[in-house]
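Colleague: In my numbering, each residue carries its 1-based index in the sequence shown increased by 327.
Every residue, glycine too, gets a C-beta built ideally from N, C-alpha and C.
Pasting a structure here, questions to come.
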Amino acid sequence: MDIEQTIAGFKVSWPDKLVHIQVKRLHDSMRGLSGEVTVAAELAGYPSPLHRAQFNFSSTNARRDLIKILSGKVEALPWVDMMEEFCNAVLDGYRQGEPAVEIYASEGANYKPPPYLVYPFLQQNKPTILFGEGGKGKSLLSQLLAMAVVLPWTDNNLGLRVNGSSTKVLWLDYETDKDTFTWNLSRLCNGQGLPEVSIFYRRCALPLAGDVEAIRDMVAEHTIGLVVIDSLGMACSGDLNKTDTAFPFWAAERQLKCTSLIIAHPSKDQFTKKATVHGSGFFTREARSVWELSGIGEAGEDEISIGLHHRKVNDGRLHKDRGYRLEFCEDAIKFEKQDIDDIPELRQHKTTQGQILGLLKRGAMTKEAMAIELDISPEAARKALERLKRKGQVMEVKDGYGLSSGQVGQDTPL
């Protein structure tokens, strides 16, 4: 007998007997471990599958009933022994989890930083949160990123570095409907002049933790590489400010075993007054990367400008801010790159150091002029400049401060 762990559960096989059993939707409760089993036999003259049912692996009666059913269909096979092996293997495999492996520091020389599906936004096989106010383009940007990985759109003019292999995408929609999603997908294709593209779409009503078995099956069936969750609040059950809500969400997300992009809404931190992901701090802590989207313009206008600000990363460095302009037509939505340093309302979402670097791209400035331009105190400007000087990013010049030679023409991430 062979047992193989799959995204959805397990596959147990008896190659010499041409029989295999698929196990999906496993769930542990006070009554024991249960799941959906599908028994198939590659035997001439027998139907396939032989039997499909919900099954309790911990129940002697359930085993006896399944043996009776299968013996009535294929008498020649030793179903008693096979079912004993089968149940023990699944119970042991489920409870054991993934095996522990011994890791040596020297092995790190052979590893590279996590690759990206779309640089700088989506690290492969990691969860990313994109949060911001409603109506500013979060879902549209997410759709564009999804299209980019499916095609793949490697020759884009938006500054995105896309993995060269096509990746299938599953969109979990908790907010709108298929017609709206399809309409925007078509308009985005038209706006960027892209060829036909397809994305797996599912309208959702249950929280992710309560629906993960079915979604996990879809990921396995369609070999999905990116799951987009729109949005975090609706994909949870309960008070978002409680860890009892955050933990089940992340436990379910981890079972998908692929890249995820999670769209979320903001709230203000009561101490720093800065925008954060709405809800428990564990939503931010468990995400491997977090981007904030700020925008100028309202839904229904002909255009909006958005800024993207990297707020958190676990593996690597924070990326520089990005800016885009969205132009809306009746049958098209066009994205264009935009320098957010030219837009004060977006520039203010950058760190003070980042804003100063943006100003100095225009030329040298005095500390006092920077403070006035950025609407900050001279002391705040002085502290930021001192930090930038220590990093070697700015230097004192005749007219105040200027970019160091290695920084000219760059927008250094902070």
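Cα-Cα, which of 701, 693, 700 and 339 is closest to residue 721?
Modeller: Comparing Cα positions, the closest option is 693.
Colleague: What's the C-alpha gap between residue 374 and residue 348?
Modeller: Those two C-alpha atoms are separated by around 14 Å.
Colleague: Note down, in chain order, each residue of its chain lying with its Cβ closer than 6 Å to the Cβ of residue 582, except the 5 sequence neighbours on either side.
Modeller: Around residue 582: 539 and 543.
Colleague: Where does residue 482 sit, in a helix, a strand or coil, going by DSSP?
Modeller: Here residue 482 sits in coil by DSSP.
Colleague: Between the Cα of residue 593 and those of 387, 457 and 484, spot the shortest distance and give me the residue it belongs to.
Modeller: Comparing Cα-Cα distances from residue 593 to each of 387, 457 and 484, the minimum goes to 457.
Colleague: Pick helix, strand or coil for residue 703, following the three-state DSSP scheme.
Modeller: The answer is coil: DSSP assigns residue 703 none of H, G, I, E or B.
Colleague: How do the segment 490 to 503 and the segment 613 to 629 stand: do at least 3 beta-carbon pairs fall below 8 Å, yes or no?
Modeller: Touching, no.
Colleague: Count the CB pairs spanning the segment 669 to 680 and the segment 699 to 715 that are closer than 8 Å, and state whether there are at least three.
Modeller: Output reads yes: the segment 699 to 715 touches the segment 669 to 680.
Colleague: Tell me the rounded alpha-carbon separation between residue 649 and residue 619.
Modeller: Residue 649 and residue 619: Cα-Cα distance of roughly 11 Å.
Colleague: Could you check what DSSP says for residue 739 in three-state terms: helix, strand or coil?
Modeller: With a pLDDT of 41 at residue 739, under the threshold of 50, the predicted position of this residue should be treated as unreliable, though the coordinate-derived value follows. Three-state DSSP puts residue 739 in coil, outside helix and strand.
Colleague: Which of helix, strand or coil does DSSP assign to residue 651?
Modeller: Strand.
Colleague: Are the beta-carbon atoms belonging to residue 390 and residue 410 less than 7 Å from one another?
Modeller: Cβ distance < 7 Å, so residue 390 and residue 410 count as in contact.
Colleague: Hey, would you say residue 557 sits closer than 7 Å to residue 500, going by beta carbons?
Modeller: Yes; because the gap between Cβ atoms is below 7 Å, this pair is in contact.
Colleague: Going by DSSP, what residue range makes up the beta strand (DSSP E) through residue 331?
Modeller: Per DSSP, residue 331 belongs to the beta strand (DSSP E) from 329 to 332.
Colleague: For residue 719, which residues in the same chain have their Cβ closer than 7 Å to its Cβ, ignoring the five residues on either side in sequence?
Modeller: Within the same chain, residue 719 has close Cβ partners 731.
Colleague: Contact check, residue 673 vs residue 634 under 8 Å by CB: the rounded distance?
Modeller: Indeed, because the Cβ distance is near 4 Å, the residues count as touching under 8 Å.
Colleague: Return the chain-ordered list of same chain residues with a C-beta closer than 6 Å to the C-beta of residue 559, the five sequence neighbours on each side being excluded.
Modeller: So the qualifying residues of the chain are 589 and 591.
Colleague: Could you please give me the residues that DSSP links to residue 616 through a beta bridge?
Modeller: Answer is 455 and 640.
Colleague: Name the DSSP beta bridge partners of residue 488, please?
Modeller: 446, per the DSSP bridge assignment.
Colleague: With a threshold of 8 Å, are at least 3 pairs of Cβ atoms found where one atom belongs to the segment 651 to 664 and the other to the segment 516 to 529?
Modeller: With a cut-off of 8 Å, the segment 516 to 529 and the segment 651 to 664 count as touching, because enough Cβ pairs lie within range.
Colleague: Let's test the definition: count the other Cβ atoms within 10 Å of the Cβ of residue 399 and tell me whether it reaches 16, buried, or not, exposed.
Modeller: Exposed.
Colleague: Should residue 530 be flagged as near chain D, meaning a C-beta pair shorter than 7 Å?
Modeller: The chain inventory of the structure shown lacks chain D, comprising one protein chain alone.
Colleague: Can you tell me which residues form a DSSP beta bridge with residue 593?
Modeller: Paired residues: 604.
Colleague: Only counting runs of 4 or more residues, tell me where the alpha helix (DSSP H) segments fall wholly within the segment 488 to 569, in order along the chain.
Modeller: Runs of the alpha helix (DSSP H) inside the segment 488 to 569: 505 to 519 and 535 to 548.
Colleague: Roughly how many whole angstroms lie between the Cα atoms of residue 741 and residue 647?
Modeller: Summary for residue 741: the model assigns pLDDT 39, below 50, so the residue's position carries little reliability; its value from the coordinates is reported in the next sentence. Taking the straight line joining both Cα atoms gives about 7 Å.
Colleague: Using the Cα positions of residue 707 and residue 423, report the straight-line distance between them to the nearest angstrom.
Modeller: The straight-line gap from Cα to Cα measures roughly 54 Å.
Colleague: Kindly indicate which three-state DSSP category residue 413 falls into: helix, strand or coil?
Modeller: In this structure, residue 413 counts as helix in the three-state DSSP scheme.
Colleague: According to DSSP, is residue 730 part of a helix, a strand, or is it coil?
Modeller: Strand.
Colleague: Tell me residue 635's beta-bridge partners as DSSP assigns them.
Modeller: Paired residues: 620 and 649.
Colleague: Do residue 454 and residue 614 come within 7 Å of each other at the CB atom, strictly closer than that value?
Modeller: Contact flag set, yes.
Colleague: Could you tell me the boundaries of the beta strand (DSSP E) in which residue 660 lies?
Modeller: Looking at the DSSP string, the run of the beta strand (DSSP E) that includes residue 660 is 660 to 664.
Colleague: According to DSSP, is residue 587 helix, strand or coil?
Modeller: Note: residue 587 maps to strand in three-state DSSP.
Colleague: In whole angstroms, what separates the C-alpha of residue 385 from that of residue 566?
Modeller: Their Cα atoms are separated by approximately 34 Å.
Colleague: Could you give the DSSP three-state label for residue 629: helix, strand or coil?
Modeller: Reduced to three states, the DSSP call for residue 629 is coil.
Colleague: Can you look up residue 723 in the DSSP assignment and give me helix, strand or coil?
Modeller: In the structure shown, residue 723 sits in a strand (DSSP, three-state: E or B).
Colleague: State the start and end residues of the unbroken beta strand (DSSP E) segment that holds residue 355.
Modeller: That run of the beta strand (DSSP E) goes 346 to 356.
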